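J.:
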Amino acid sequence: MIERGGERSDRVALRHPVWWAALALLVINDHVLKGADLVPAWLTGKLSDFAGLVVAPVLLSALLGSRGPRRRAFAFAAVGGWFAAANLFAPVAAATSTAAAWVGLSWTLWVDPTDLVALAALPLAWHVASADRALAPRAWGERLALGLGVAACVASPPPDPTWNTAAFLVNRTDEPIEVRVRWVEASVDCDAAEERFAELLPRDVFEAGTTFTVGAHETLPLDRSVVGGSAGDPGPPAGDAGTPSGPVHRGGCDVVILGAEGLPETVVYWSGLTERMIPDLVSDDEDEMAVEGGLDLRRAEDDDARLELDPGPRYRLSPPVDIYDGGAACRDYGSITGFDWSDLPPYVGRRVRLAEVRETVDGCVSVTIEDDGDERRAFVCVPPEDFPFLPNSRVEIWNVENELRIVRDLELDDGSTWRTGELVISRGPARFEEGPFDVSLVRVDAECQGVRMACGGFRVPAAGGLELDDGTRFVHPGDVVERDAADGRRARLRVGRAETMWVTHPACGAGRDVPGPRLEALVVYEEAPR
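Now the structure itself:
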């Protein structure tokens with residue numbers, strides 16, 4: 198067909214015998230040869246790629262109404278560029294599958310760099326698209342070719358069941374195996390736990406578990422959000438958000454205990470794995486490439502009754518450590534009351550009245566704050582002797598992030614101010630600077646490997662390192678140090694909890710339910726004129 202201006206429409210290529218041969222090969226391969234065991238699975242995959250890279254770019258060029266090389270080149274670049282990206286980058290393959298699902302197409306794409314050999318078909322496709330053929334106009338034939346070409350490109354046989362997961366198990370035996378999976382219920386500091394995950398996590402911090410029947414050569418995803426682990430999602434990789442509730446690990450790791458008949462309980466740790474699509478059943482070479490690097494379950498070579506796990510380079514294995522000794526040098530300050538306070542409005546220098554001040558049975562101080570006629574009850578958990586305010590005191594409160602400051606100033610008749618009390622409490626940061634004190638969290642017991650806690654947490658005891666002119670003084674939890682401030686007031690420092698939480702659990706209580714370092718300290722100033 199010759200179009201206006203002597204330019205040839207690329208729709209003419211849809212009547213080229215090479216294009217029709219490629220279309221026929223694509224249809225026969227996808228709907229007859231695949232899964233029929235007539236030819237090797239790797240060959241059917243490559244035939245689809247070669248045929249598709251003749252059919253698709255010519256078809257797109259025709260759909261764009263190309264009449265010259267510029268628009269044709271765009272069509273070829275779009276098809277070839279997408280094909281290369283989808284076979285090199287998992288996010289592109291996953292995004293394509295997701296986009297196809299939005300329009301009702303069941304496309305499953307694997308990242309396979311060997312498929313790039315099919316790009317060699319593009320020069321042939323270009324020849325077909327640009328061949329100068331003097332053919333009589335047959336609009337109906339071109340429309341039929343367009344319809345058949347689009348249908349062949351988007352219609353594919355139902356894909357094998359797949360999982361979208363980062364961690365997974367592959368049953369390499371020829372029989373179904375019942376595998377019991379127990380996900381950790383505590384939150385974990387991934388970097389800290391990587392070398393000692395089994396010591397940090399005893400059996401009782403893992404959930405009761407779920408039993409899965411994994412068929413011969415089938416896969417089992419280990420991402421709890423995929424298979425419905427009752428503890429919830431372990432949390433996203435660093436920087437992600439919006440996942441279901443559950444233990445939130447610092448970093449992209451998770452820990453499970455696997456067990457089966459013939460396989461003793463084994464703690465499995467992984468970190469930094471990328472989510473990818475894997476087949477439910479490993480049945481051909483393409484599937485083998487998709488599950489490369491998985492956690493393989495095999496029969497032992499010397500004993501058929503025994504199962505073994507082959508972790509490859511991606512997973513770390515260990516038997517559970519039931520009896521743990523963190524070292525004789527460990528000093529556990531579990532009886533030390535942590536410094537904390539209940540939720541308060543974000544006061545910033547606001548003057549309020551302490552209508553009531555009383556000690557509670559758990560060693561905290563209960564206060565009733567009157568603010569413009571409204572009363573609010575709050576708790577300040579510090580030793581009562583460090584709370585220098587009496588009932589009916591009018592105080593100013595600063596409550597910003599991890600620091601609480603309470604000040605009482607008394608104005609005298611001569612216009613001067615007498616500061617009758619000042620308390621500063623810090624919780625959380627690894628460094629606390631206040632008045633004459635500069636304190637940092639320091640691990641002082643080098644031989645202490647850490648302490649397992651009854652709540653399911655794991656803590657490494659530390660101390661406050663107080664910087665002095667002649668060096669560093671260690672201030673352990675509960676210790677008190679006094680110094681003179683620059684304005685002449687006597688100041689008293691007390692350190693509360695000083696520790697790094699490597700494993701946490703909500704049962705460990707406020708302040709210990711987030712992995713990482715925690716230094717709790719307070720400074721109380723004596724009365725002095727201002």
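For the sequence shown, this note's numbering begins at 198 and goes up steadily by one. In this text, a Cβ means the ideal position worked out from N, Cα and C, and glycines have one as well. Nothing here was measured: the structure is a model prediction, and the numbers come from that model.
Under DSSP, the alpha helix (DSSP H) around F280 begins and ends at which residues?
T.: Start and end: P266 to L285.
J.: If you measure between the beta carbons of V453 and A390, is that distance less than 9 angstroms?
T.: Result no, Cβ atoms of V453 and A390 do not sit closer than 9 angstroms.
J.: Can you tell me the Cα-Cα spacing of P214 and P310, whole angstroms?
T.: Cα-Cα distance, rounded: 30 angstroms.
J.: Which runs of the beta strand (DSSP E) fall wholly inside the segment 484-545 and span at least 3 residues, in chain order?
T.: DSSP runs (the beta strand (DSSP E)) wholly in the segment 484-545: 492-497, 500-507 and 512-515.
J.: Provide the residue span of the beta strand (DSSP E) that contains L607, from first to last.
T.: Residues E600 to E608.
J.: What span of residues does the alpha helix (DSSP H) with R421 cover, start to end?
T.: Looking at the DSSP string, the run of the alpha helix (DSSP H) that includes R421 is R421 to V424.
J.: Thinking V564 and L587 are a contact (beta carbons under 8 angstroms), I'd like their distance in whole angstroms, please.
T.: That pair is no contact at about 11 angstroms.
J.: Using a threshold of 9 angstroms, state whether the C-beta atoms of L313 and G647 are closer than that.
T.: Against a cut-off of 9 angstroms, the Cβ pair of G647 and L313 comes out as no contact.
J.: Output the distance between the C-alpha atoms of L316 and D246, rounded to the nearest integer angstrom.
T.: Answer to the nearest angstrom: the Cα atoms are 8 angstroms apart.
J.: Measure from the alpha carbon of T557 to the alpha carbon of each residue in A575, D568, D571 and L551, then state which is nearest.
T.: It is A575 whose Cα lies nearest to the Cα of T557.
J.: Nearest-angstrom Cα distance between V597 and D666?
T.: For V597 and D666, the distance between alpha carbons rounds to 30 angstroms.
J.: With H, G and I counted as helix, E and B as strand and the rest as coil, what does DSSP make of S442?
T.: Confidence is the limiting factor: at S442 the pLDDT is only 45, short of 50, which leaves the residue's position unreliable and the question unanswerable from this model.
J.: Using beta-carbon positions only, say whether P408 and E375 come within less than 9 angstroms of one another.
T.: The sequence given here places Thr at residue 408; Pro does not occur at that position. Cβ atoms of T408 and E375: closer than 9 angstroms.
J.: Do you know offhand how far I594's Cα is from G625's?
T.: Each residue's Cα considered, the two are about 19 angstroms apart.
J.: Is R640 close to chain C? Criterion is C-beta to C-beta, closer than 9 angstroms.
T.: The displayed structure is made up of one protein chain only, and chain C is not part of it.
J.: Verify whether the separation of the beta carbon atoms of T617 and R656 is less than 9 angstroms.
T.: Result no, Cβ atoms of T617 and R656 do not sit closer than 9 angstroms.
J.: Could you check where the beta strand (DSSP E) with V367 kicks off and where it finishes?
T.: Segment F365 to N368, the beta strand (DSSP E) holding V367.
J.: What are the residues that DSSP puts in a beta bridge with C450?
T.: C450 is bridged to S468.
J.: Residue range of the alpha helix (DSSP H) that P580 falls in?
T.: Counting along the chain, P580 falls outside any alpha helix (DSSP H), and DSSP gives it neither H nor E.
J.: Report the rounded CA-to-CA distance for G242 versus P288, giving the unit in angstroms.
T.: Their backbone Cα atoms lie some 21 angstroms apart in a straight line.
J.: Can you have a look at S637 and say buried or exposed, based on whether 16 or more other CB atoms are within 10 angstroms of its CB?
T.: Flag for S637 reads buried.
J.: Write down the C-beta distance between A659 and A695 rounded to the nearest angstrom, noting that I regard them as a contact closer than 8 angstroms.
T.: About 4 angstroms; that satisfies the 8 angstroms criterion.
J.: Keeping to the same chain, check which residues put their C-beta closer than 8 angstroms to that of V423; ignore five residues upstream and five downstream.
T.: Same-chain partners within the cutoff: W360, N361 and T362.
J.: For E372, which residues from the same chain have a beta carbon less than 6 angstroms from its beta carbon, with the 5 sequence-adjacent residues on both sides left out?
T.: So the qualifying residues of the chain are A413.
J.: Specify, as a first and last residue, the run of the alpha helix (DSSP H) that A219 falls within.
T.: Note, A219: alpha helix (DSSP H), P214 to I225.
J.: Is the separation between the beta-carbon of L419 and that of A383 shorter than 9 angstroms?
T.: No, these two residues do not count as a Cβ contact at 9 angstroms.
J.: With 16 other CB atoms within 10 Å as the buried threshold, where does V229 fall?
T.: It is exposed - the Cβ of V229 has fewer than 16 other Cβ atoms within 10 Å.
J.: So M474 packs on A291, CB below 8 angstroms; how close in whole Å?
T.: The Cβ separation is near 6 angstroms, so the contact holds.
J.: What residues match up with L620 in a beta bridge as DSSP calls it?
T.: Paired residues: I603 and V721.
J.: Tell me the rounded alpha-carbon separation between F271 and G653.
T.: Going from the Cα of F271 to the Cα of G653 covers about 60 angstroms.
J.: Using DSSP with H/G/I as helix, E/B as strand and the rest coil, what is E664?
T.: It is a strand residue.
J.: With burial defined as no fewer than 16 other Cβ atoms inside 10 Å of the residue's Cβ, what is the status of P254: buried or exposed?
T.: Answer is buried; the Cβ neighbour count reaches 16.
J.: Evaluate contact between the segment 494-508 and the segment 475-483, counting only Cβ atoms and requiring at least three cross-stretch pairs below 8 angstroms.
T.: No, because fewer than three Cβ pairs between the segment 494-508 and the segment 475-483 fall closer than 8 angstroms, the two stretches do not touch.
J.: Provide the residue(s) that pair with F409 in DSSP beta bridges, ordered along the chain.
T.: Looking at the DSSP assignment, F409 forms a beta bridge with V376.
J.: Could you tell me the boundaries of the beta strand (DSSP E) in which V402 lies?
T.: Premise fails: V402 is in no beta strand (DSSP E) and is neither H nor E.
J.: So, are the CB atoms of R573 and L541 less than 9 angstroms apart?
T.: Yes. Within cutoff.
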